[in-house]
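Encoded as structure tokens, the structure appears first; notes follow it.
Residue numbers (the working numbering): 1091 to 1244.
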């Protein structure tokens, strides 16, 4: 049996610490998305009492909800990569970390030291440092397609 293992392709391992960082990034992203979505009622009230034109009021509501959606999607992606690290490489994991990082920077610029900026910065930092622990690329043997059913192997 050990003789058989010698012929298997070597797949780089991702440390438990990196996987835990991504899992915690996923958790914080989901919590942030839920908190942000829950505050939407106050957004509706603020827009209703404002003098914004309908276009800008509706745009504000869209941007509010899309931010929650992005956080939920990031939570799903970070969680998936934490469970199946072979789904991502270093560049992908590090680039994903730029999404909450960019949002955090914008929050700091326009709102100052708001807690959501701190939360997003923490998510970005954990995802970034986890991403640095990933392999730069996936080996060709690990990338072969198994057949039509491989698309369903999620």
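Just so it is clear, CB atoms sit at the ideal spot from N, CA and C, and this is done for glycine as well.
Pick from 1176, 1189, 1199 that is closest to residue 1105, judged by C-alpha positions:
Minimum Cα distance to residue 1105 is reached at 1176.
Contact between the segment 1214-1228 and the segment 1126-1142 is defined here as three or more beta-carbon pairs at a separation below 8 angstroms; is this criterion met?
The segment 1214-1228 makes no contact with the segment 1126-1142: fewer than 3 CB pairs, one atom from each, lie closer than 8 angstroms.
Which residue wins for smallest C-alpha separation from residue 1121, given the options 1220, 1165, 1174, 1198?
It is 1165 whose Cα lies nearest to the Cα of residue 1121.
Let's test the definition: count the other Cβ atoms within 10 Å of the Cβ of residue 1134 and tell me whether it reaches 16, buried, or not, exposed.
By the neighbour-count rule (16 or more Cβ atoms within 10 Å), residue 1134 is not buried but exposed.
Selected residue, minimal CA-CA separation from residue 1245, among 1129, 1180, 1172, 1184:
Here the chain covers residues 1091 to 1244 and nothing more, so residue 1245 does not appear.
Residue interval of the alpha helix (DSSP H) (run including residue 1214):
Judged by DSSP secondary structure, residue 1214 falls within the alpha helix (DSSP H) whose first and last residues are 1205-1221.
Rounded to the nearest angstrom, what separates residue 1114 and residue 1149 at their Cα positions?
It is roughly 31 angstroms from the alpha-carbon of residue 1114 to the alpha-carbon of residue 1149.
Which ranges would you report for the alpha helix (DSSP H) in the segment 1095-1179 if only whole runs of at least 4 residues count?
Entirely contained in the segment 1095-1179, the alpha helix (DSSP H) runs reaching 4 residues are, in chain order, 1106-1128, 1130-1138, 1144-1173.
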